[in-house]
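**Q** Handing you a structure now.
Protein chains: 2
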Amino acid sequence: MSTEPAIPSPFVVTALPGFTPAIGHLVCMMTYTRNTTLRAVEGLGMDDLDDRLDDDANSIGMLLEHIACLEEAYQLDTFGWEHTDEDAERWRRGVNLGPTAREHVRGHALSHYVERLAHVRARTLEAFARRDDAWLQVSCEWWDGQTANNHFKWFHVFEDELSHRGQIRLLRRRLPRRDG
Amino acid sequence: MSTEPAIPSPFVVTALPGFTPAIGHLVCMMTYTRNTTLRAVEGLGMDDLDDRLDDDANSIGMLLEHIACLEEAYQLDTFGWEHTDEDAERWRRGVNLGPTAREHVRGHALSHYVERLAHVRARTLEAFARRDDAWLQVSCEWWDGQTANNHFKWFHVFEDELSHRGQIRLLRRRLPRRDG
């Protein structure tokens with residue numbers, strides 16, 4: 001299948017060809033979320049992506065890397081994929097942000113982040129196409145000793161992205177003006 | 001029905017008693033979103049709620065009012081409810097934020113916003129309980145001449161809240177420290 005889901009309008013949540021109905025709904029919401037994230041960073045240069053509002057802040061580039069890492073971490077968790085120690089280290093850094101991420105996630109052009117996000121998303125959609133709505137309901141023990149199901153976990157992936165998209169919009173409006 | 005939906009764990013998205021399946025999924029996501037918004041503002045005083053990061057910023061109180069107003073605006077749109085001119089004026093202010101909202105939305109304790117959010121949400125859940133998954137697919141012309149359905153519109157209500165929840169978390173960490 002193509003990695004671009006066939007969504008009839010950006011403003012519908014509906015069943016999609018190639019996915020079971022509730023997975024189709026998820027894909028619509030995840031795609032809308034991603035498109036608004038990409039719109040929020042459109043045209044940013046490397047300096048903008050590395051800029052931090054203050055010493056405690058994450059850069060917009062760090063937030064984009066975090067979004068990709070969180071999705072990879074939930075691929076691992078819900079699809080049961082193998083991973084290397086190097087993968088795990090990258091995810092730990094990206095998921096937790098903080099000083100180590102500040103040091104490692106900088107000096108990239110926007111295209112680096114956009115391609116990384118697209119690569120991760122394509123693998124998610126391929127895996128979704130091979131699963132069904134019953135799989136969404138598969139559950140395990142999770143935070144606070146409570147139960148989580150796969151449907152929640154993938155909601156969490158995009159709800160966390162939306163939260164950071166809001167932060168990116170706020171940070172972008174406060175970037176230093178640059179000449180040129 | 002009770003206004004507290006019977007969700008078996010905060011970390012599941014699943015069908016719920018009293019709602020058709022896809023509406024149940026929406027209710028799970030909207031409830032998780034709201035709980036995290038409320039956690040993000042827990043314990044804030046009036047000064048915190050009115051504080052603005054800079055001259056262009058919205059206060060946390062304004063963002064909470066905006067969240068309530070957007071939900072009311074989509075009740076009107078999707079449930080076809082009657083409203084007064086005064087309602088419309090309040091929604092316009094709250095949905096658009098900006099200078100007029102800055103003037104009107106201040107000087108309230110946290111309980112004011114929390115009660116207002118709960119009041120609006122209870123009306124949404126009552127209306128959801130009387131509708132079904134076919135209603136979610138009802139569509140109309142929307143932004144950019146494209147089609148939107150009710151499922152998207154209610155996704156938009158919570159995706160906008162999540163975006164502002166992210167901003168609230170960022171703003172909260174930058175509030176001036178207050179004595180006492």
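Heads up: the sequence lines are chains V and R, in that order.
Heads up, the first sequence is in this note's numbering, so the first residue is 1 and it goes up one at a time.
Heads up, the second sequence is in this note's numbering, so the first residue is 1 and it goes up one at a time.
Heads up, the beta-carbon is just placed ideally off N, CA and C, and yes, glycines get one too.
All figures in this text were calculated on a predicted structure; none of them were measured in a lab.
Could you check which residue in L70/R, S163/R, R39/R and F79/R has the C-alpha nearest to that of N96/R?
**A** When each option's Cα is compared against that of N96/R, the closest is L70/R.
**Q** For the alpha helix (DSSP H) that contains S163/R, what are its first and last residues?
**A** From DSSP, the alpha helix (DSSP H) with S163/R extends over N150 to R172.
**Q** Are the CB atoms of T14/V and G24/V within a distance shorter than 8 Å?
**A** Yes, Cβ-Cβ distance for G24/V and T14/V is below 8 Å.
**Q** According to DSSP, is S111/R helix, strand or coil?
**A** In this structure, S111/R counts as helix in the three-state DSSP scheme.
**Q** Per DSSP, E141/V is paired with what?
**A** In DSSP, E141/V forms a bridge with T147/V.
**Q** Give me the Cβ distance between R165/R and L53/R, rounded to the nearest whole Å; I'm assuming they're in contact under 8 Å.
**A** The pair is not a contact, with the Cβ atoms about 16 Å apart (cut-off 8 Å).
**Q** What does R165/V reach in chain R if we use C-beta pairs closer than 8 Å?
**A** The contacting residues are S163 and G166.
**Q** Please identify, using Cβ separations under 7 Å, the residues of the stretch 142-154 of chain V that lie next to chain R, in order along the chain.
**A** Under the 7 Å Cβ criterion, the stretch 142-154 of chain V contributes W142, W143, Q146, T147, A148, N149, H151 and F152.
**Q** In chain R, which residues lie less than 7 Å from L170/V when you measure between Cβ atoms?
**A** The contacting residues are Q167 and L170.
**Q** Cutting at 7 Å between CB atoms, please list the residues of its own chain near M29/R, excluding the five before and the five after it.
**A** Result list for M29/R: V13 and F158, in chain order.
**Q** Got a sec: which bits of the stretch 2-13 of chain R sit with their beta carbon under 8 Å from any beta carbon on chain V, in order along the chain?
**A** Residues P8, S9, P10, F11, V12 and V13.
**Q** Counting only C-beta atoms, is E159/R closer than 8 Å to chain V at any point?
**A** So, interface residue.
**Q** By a C-beta neighbour count over all protein chains shown, 10 Å radius and 16 as the cutoff for buried, is D160/R buried or exposed?
**A** Buried, because 16 or more other Cβ atoms sit within 10 Å of the Cβ of D160/R.
**Q** Look up F11/V in the DSSP assignment and say whether it is helix, strand or coil.
**A** Strand at F11/V.
**Q** Would the beta-carbon of I60/V fall within 8 Å of that of I168/V?
**A** Yes, Cβ-Cβ distance for I60/V and I168/V is below 8 Å.
**Q** According to DSSP, is A68/R helix, strand or coil?
**A** A68/R: helix per DSSP, three-state reduction.
**Q** Rank T147/V, R39/V, T100/V and A40/V by C-alpha distance to the C-alpha of E89/V and give the top, closest one.
**A** Looking at the Cα atoms, T100/V is the closest of the given residues.
**Q** For the candidate residues R172/V, D85/V and L162/V, whose alpha-carbon lies nearest to that of I67/V?
**A** Of the listed residues, the one whose Cα sits closest to I67/V is L162/V.
**Q** Hey, would you say the C-beta of D48/R is under 7 Å away from at least one heavy atom of the ligand NAD?
**A** Judged by which ligands are present, the structure shown has none, so any question about the ligand NAD falls away.
**Q** Given that a residue counts as buried once 16 or more other Cβ atoms are within 10 Å of its Cβ, and exposed if not, what is S139/R?
**A** It counts as buried.
**Q** Can you give me the C-alpha to C-alpha distance between L136/V and K153/R, rounded to a whole angstrom?
**A** Spanning the two alpha carbons is a distance of roughly 23 Å.
**Q** Pick from E141/R, R123/R, Q75/R and R178/R: whose alpha carbon is nearest that of S9/V?
**A** Of the candidates E141/R, R123/R, Q75/R and R178/R, the one whose C-alpha sits nearest the C-alpha of S9/V is E141/R.
**Q** Just mark M1/R as buried or exposed, buried being the case when its beta carbon has 16 or more other beta carbons within 10 Å.
**A** Note that M1/R scores 42 on pLDDT, short of 50, meaning its location in the model is unreliable; the coordinates nonetheless yield the value given after this. Looking at its Cβ environment, which holds fewer than 16 other Cβ atoms inside 10 Å, M1/R is exposed.
**Q** Use the C-beta contact count for W81/V: other C-beta atoms within 10 angstroms, 16 or more gives buried, fewer gives exposed.
**A** That one is exposed.
**Q** With a 10 Å radius around its C-beta and 16 neighbouring C-beta atoms as the bar for buried, classify F19/R as buried or exposed.
**A** Buried: at least 16 other Cβ atoms inside 10 Å.
**Q** Given a cut-off of 8 Å on the beta-carbon distance, is the pair P5/V and L117/V in contact?
**A** For P5/V and L117/V, no; Cβs fall outside 8 Å.
**Q** Find out if the Cβ-Cβ distance for the pair D133/R, A22/R is shorter than 8 Å.
**A** Yes, they are a contact pair.
**Q** Could one say the Cβ of H66/V lies closer than 8 Å to chain R's Cβ atoms, at least one of them?
**A** Answer no: the Cβ-Cβ gap between H66/V and chain R never drops below 8 Å.
**Q** Look at the alpha carbon of A122/V and the alpha carbon of R131/V, and state the distance between them as a whole number of angstroms.
**A** So the two alpha carbons sit approximately 15 Å from each other.
**Q** Could you check what DSSP says for G94/V in three-state terms: helix, strand or coil?
**A** In this structure, G94/V counts as helix in the three-state DSSP scheme.
**Q** Output yes if chain R places a C-beta closer than 8 Å to the C-beta of M46/V; else output no.
**A** No, M46/V does not count as interfacial toward chain R.
**Q** Would S111/V pass as an interface residue toward chain R - the criterion being a Cβ-Cβ separation below 8 Å?
**A** Not one chain R Cβ lies under 8 Å of S111/V.
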